[in-house]
Amino acid sequence: MSEKDEALKRLQEASFAIDDVKIYLDTHPLDRRALEYYEKQKELREKYMKEYVKKYGPISAYDVDTNNRWTWIDNPWPWETEAN
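Numbering of the sequence shown is given in the working numbering, commencing with residue 7 and proceeding in unit increments.
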């Protein structure tokens, strides 16, 4: 697995953990451990997202740095990358 794939996998795992615990919190909104887990995963996801975007470019248009130009078009489109 490439370094890029590993970075994306970490991001996806943190995203999945957040989605999973959100479902639990819908029925257990006062569970302190679940709330702490959610916050930890949210922080990890933000960290992994920043690292990924900085190194490999934006994952979505929401991640584009628009300081000087529209950089969303700099990387290959999803269908232009090689399938693994």
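Cβ coordinates follow ideal geometry from the N, Cα and C atoms, glycine included.
Q: Confirm, please, whether the CB-CB distance from Y58 to I65 is below 8 Å.
A: Reading the sequence shown from its first residue, position 59 is the one you call residue 65. Reading the sequence shown from its first residue, position 52 is the one you call residue 58. Against a cut-off of 8 Å, the Cβ pair of Y58 and I65 comes out as a contact.
**Q.** Separation of D26 from R39, as counted between CA atoms
**A.** The count along the sequence shown starts at 1 and reaches residue 39 at position 33. The count along the sequence shown starts at 1 and reaches residue 26 at position 20. Approximately 14 Å, taken between the alpha carbons.
(Q) Suppose you measure from the CA of P35 to the CA of R51; what does that come to, to the nearest Å? (A) Translated into the one-based positions of the sequence shown, residue 35 becomes position 29. Translated into the one-based positions of the sequence shown, residue 51 becomes position 45. Distance between the alpha carbons of P35 and R51: 21 Å.
Q. Cβ of I24 within 8 Å of Cβ of K56?
A. Counting from one through the sequence shown, the residue named residue 24 turns up at place 18. Counting from one through the sequence shown, the residue named residue 56 turns up at place 50. Not a contact, by the Cβ cut-off of 8 Å.
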